[in-house]
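Right, one structure below, let's go through it.
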Amino acid sequence: MPKRIAILQILTVAAAVGIAFHSALAQNEGKAGSGAEAKTTAAGETMDRAKVLRAVADALGMVRWSDIGAGATRLPGIDIVNTMEIFASGTVYNAGQPSTAEYHAALAYIPPAMRVEITRKDGDAASQHTIQTVRENFAWNESEIGAGLIPGKGTATPAMPASKARLLRLWILPYGVVKAAIAAGDKTKISTENGATVFTFPLSGGLAGITVKATLDSKNFVTKVETTPDNSSLTNMATETEYSDYADHGEVLTDIKSPGRIVQKQTGRPVLDLQVKMVDANNPYLVFPVPPNVKAATPASASGTAGN
Amino acid sequence: MRSCRYCFIAVVALSSLFPAAVLAQEFSTLKRTINAPPKPSGTTPRTADGHPDLTGVWNGLGDNLLGVPNQIANDGVSIDSENASHDIFSGTQIATFPRNATRGLNNEQGERAASLLRRVGSNRPVYKPQYWEMVKEFDQNANEEDPSNNCMPAGIPRAGIPSYIGQYPNYFIFIYPGQGGLIATQTMYRMIPADGRKHTPLEDLDGTYTGEGIAHWEGDTLVVDTWGFNSSTWFDQIGGYFHSENMHVIERFHRDGNTLAWTATVDDPDVLLEPWTTTPRVALLNPKPDAMLPESLPCSERDLTHTVTKEHH
Chain A
1 MPKRIAILQI
11 LTVAAAVGIA
21 FHSALAQNEG
31 KAGSGAEAKT
41 TAAGETMDRA
51 KVLRAVADAL
61 GMVRWSDIGA
71 GATRLPGIDI
81 VNTMEIFASG
91 TVYNAGQPST
101 AEYHAALAYI
111 PPAMRVEITR
121 KDGDAASQHT
131 IQTVRENFAW
141 NESEIGAGLI
151 PGKGTATPAM
161 PASKARLLRL
171 WILPYGVVKA
181 AIAAGDKTKI
191 STENGATVFT
201 FPLSGGLAGI
211 TVKATLDSKN
221 FVTKVETTPD
231 NSSLTNMATE
241 TEYSDYADHG
251 EVLTDIKSPG
261 RIVQKQTGRP
271 VLDLQVKMVD
281 ANNPYLVFPV
291 PPNVKAATPA
301 SASGTAGN
Chain B
1001 MRSCRYCFIA
1011 VVALSSLFPA
1021 AVLAQEFSTL
1031 KRTINAPPKP
1041 SGTTPRTADG
1051 HPDLTGVWNG
1061 LGDNLLGVPN
1071 QIANDGVSID
1081 SENASHDIFS
1091 GTQIATFPRN
1101 ATRGLNNEQG
1111 ERAASLLRRV
1121 GSNRPVYKPQ
1131 YWEMVKEFDQ
1141 NANEEDPSNN
1151 CMPAGIPRAG
1161 IPSYIGQYPN
1171 YFIFIYPGQG
1181 GLIATQTMYR
1191 MIPADGRKHT
1201 PLEDLDGTYT
1211 GEGIAHWEGD
1221 TLVVDTWGFN
1231 SSTWFDQIGG
1241 YFHSENMHVI
1251 ERFHRDGNTL
1261 AWTATVDDPD
1271 VLLEPWTTTP
1281 RVALLNPKPD
1291 AMLPESLPCS
1301 ERDLTHTVTK
1311 EHH
């Protein structure tokens, strides 16, 4: 049953992505389709959703095509961001208490999944090590990477109620914001605030009820992402994340730009202040198989996905 | 963060070493803006014993390995039109954009784009957790680590669809011309019996690059069951997908008119958590009745000592 739900959701959102982006492209070419929508700002400047999202995707290095064998090949560009690894250090906050920490995130968008490994060091106290993993509507904690997949190798503890909050981390990254905004189609609105381009859109699937607002700088990088829940059951999904110092942080260069600093608040309180050390954006080998005991546990009521 | 011991140049020179690919492309009449599998046409010929006849030169889309559209499809992304693409394994739509007409790619950008395009698909084998880091490291350092970058045979199933199949009543001949560049690999051939024999016990076999393959028919599908490999190859074109000598591969070939569909399922309980099946590939029959395979130039690896970054296909 969960698998069937997941497939239906994938198909539904996939159709939305296709339809949304086609209409956006048509608008871009001056052929406004039924879903095309343009907003005129107070300054009278017409903003084009497809153009804005393309500009952000280009700034981040998400759009690629191949020129190898160009004589016989003219493939269009596609969104090439799927898997990624982020290594950072800085401060993490637990119930308002700051700790120096090492942060390591492995993530994927197809299927939506993320593994966040945090090692806290509080003075002379022993390090605290947590691994929080999510894949679609399954969430679990690992005693070690890949725990619970092979008998006797670590423990995987189901943590289904955390699945939405963990998936939200994925979709508020700059790449997730672009993917989800494209998936939202004509529900994505473009405007300007204090001279900066802003786009807002609702998340879908299990994250329905959350509106995302992304602010761009003059280079079309995402500098701020705010999430606003529309009901009290999602209160802890109110986040504000600031991204800065974009660069290609890869050891293997990819031309994908990632933020060098990430500062995040949840319900107004600081939760992360990270300095990024390295990003492997070359779609590295990252897998997120769900351990059998987690599969057997009751999944969250709906898959927390947006755009995939 | 690991130190950058070798800082490579972009490996653009690789593309100059594609004799088989270049020669094969002369047979192609398609200028490709998509990479969706070709639709079959014509009838499927049959041999006297009633089986589909797979005999032919199967490089009608250019080379089976090196054509960029094929590479992207082989690794899991179907570009269906100018504005629609999807991940073949999951069905997930992938945002598709017009090419940027005002900005060409320089060589480094082209290499980086190719590397990303070939890794975006979600169909990844699931290794046991203790090998996850190793696979990632192999892929990241493929310029040095990939066995096929040193003119070794690609092995099975990495070699994919043979460029030539000869079908006889009790055996098949598969020929895989050597390539330069992307996979600087040796020419391989396989002589595969289809006479009902059983496999040699694994412990009695010395591992080889192509293993002990035995074919049989399941309806109109040719099934080639192979074991007895050495562990000196990777089993797909990307990803550092190493394997043990216990790898067992089942390939399925199905001819429909002028197309040949192929998949391979890899089972290796020593290193994989579960069997893995490749993204299906489809080759097009070379339409020329007098089609020949060109001679492959000797494989000679000359790029590695000049590389200064880790970029690679």
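Just so you know, the protein sequences line up as chains A and B, in that order.
Residue 174 in the working numbering sits at position 174 of the first sequence; the count goes up by one each step and never skips.
Residue 1148 in the working numbering sits at position 148 of the second sequence; the count goes up by one each step and never skips.
All residues carry an ideal CB built from backbone N, CA and C; glycine is no exception.
query                                                                                                                                                               : result
Along chain B, in chain order, which residues have C-beta atoms closer than 7 angstroms to that of Asn-194(A)?                                                      : Here the premise fails: no neighbours, minimum Cβ distance about 29 angstroms.
For Glu-142(A), count the other beta carbons within 10 Å of its own beta carbon; 16 or more makes it buried, fewer makes it exposed. Which is it?                   : buried
Determine the extent of the beta strand (DSSP E) in which Asp-1206(B) is found, giving its start and end residues.                                                  : Segment: none, Asp-1206(B) is in no beta strand (DSSP E) and carries neither H nor E.
Please say whether Pro-76(A) and Glu-1082(B) have beta carbons closer to each other than 8 angstroms?                                                               : yes
Excluding five sequence neighbours on each side, which residues of the same chain lie with their C-beta closer than 8 angstroms to the C-beta of Ala-247(A)?        : Lys-257, Ser-258 and Gly-260
Cβ of Ile-150(A) less than 8 angstroms from any chain B Cβ?                                                                                                         : yes
Can you grab the Cα-Cα spacing for the pair Gly-1213(B) / Ile-1250(B), in whole Å?                                                                                  : 9 angstroms
Would you please verify whether the beta carbon of Tyr-175(A) is less than 8 angstroms from any beta carbon of chain B?                                             : no
Any beta carbon from chain A within less than 8 angstroms of Glu-1082(B)'s own beta carbon?                                                                         : yes
Within 8 angstroms, do at least three Cβ pairs link the stretch 181-199 of chain A to the stretch 237-255 of chain A?                                               : no
Determine, for Trp-171(A), whether the minimum Cβ-Cβ distance to residues of chain B falls below 8 angstroms.                                                       : no
Three-state secondary structure (DSSP) at Trp-171(A)?                                                                                                               : helix
Only counting the same chain, and skipping five residues up and downstream in sequence, which positions put a Cβ closer than 7 angstroms to that of Ala-1159(B)?    : Tyr-1176 and Met-1188
By the 10 Å Cβ neighbour count, where 16 or more other Cβ atoms means buried, how is Thr-1047(B) classified, buried or exposed?                                     : exposed
Would Trp-1132(B) pass as an interface residue toward chain A - the criterion being a Cβ-Cβ separation below 8 angstroms?                                           : yes
Do you know offhand how far Pro-1153(B)'s Cα is from Tyr-109(A)'s?                                                                                                  : 34 angstroms
Taking the Cβ atom as the reference point for each residue, do Trp-1276(B) and Ile-1161(B) lie within a distance shorter than 8 angstroms?                          : no
Taking only three categories from DSSP, how would you classify Pro-1040(B)?                                                                                         : coil
If the cut is a Cβ gap below 8 angstroms, which residues of chain B does Lys-179(A) touch?                                                                          : Ala-1095
Look at Thr-1284(B) and Thr-1259(B) and say whether their C-beta atoms are less than 8 angstroms apart.                                                             : Residue identity differs from the one stated: residue 1284(B) is Leu in this sequence, not Thr. Result yes, Cβ atoms of Leu-1284(B) and Thr-1259(B) sit closer than 8 angstroms.
Pick out whichever of Glu-136(A), Gly-154(A) and Phe-138(A) has its Cα sitting closest to the Cα of Thr-315(A).                                                     : A question about residue 315(A) goes unanswered here, because the residues of chain A that appear run from 1 up to 308.
Does the structure place the stretch 193-208 of chain A close enough to the stretch 167-177 of chain A that three or more beta carbon pairs sit under 8 angstroms?  : yes
With 8 angstroms set as the bound, which would you pick, yes or no: does the beta-carbon of Val-287(A) sit closer than that to a beta-carbon of chain B?            : yes
If contacts are defined as beta-carbon pairs under 8 angstroms, then Ala-180(A) and Val-198(A) qualify, I think. What distance do you get, rounded to the angstrom? : Actually they do not touch by this definition, with Cβ atoms about 15 angstroms apart.
Measure how close the beta-carbons of Gly-123(A) and Thr-254(A) come, nearest whole angstrom, since I'm counting them as under 8 angstroms.                         : Contact flag wrong, Cβ pair sits at about 38 angstroms.
May I ask you to report which of helix, strand or coil DSSP gives Met-84(A)?                                                                                        : strand
Within 8 angstroms of any Cβ in chain A, is that where the Cβ of Asn-1149(B) sits?                                                                                  : no
Among the residues of its own chain, which have a CB less than 7 angstroms from the CB of Ala-297(A), if the five just before and after it don't count?             : Pro-158 and Met-160
According to the neighbour-count rule (16 or more other Cβ atoms, all chains shown, within 10 Å of its Cβ), is Thr-1233(B) buried or exposed?                       : buried
For Ile-1079(B), write down the residues that DSSP places opposite it in a beta bridge.                                                                             : Ser-1085(B)
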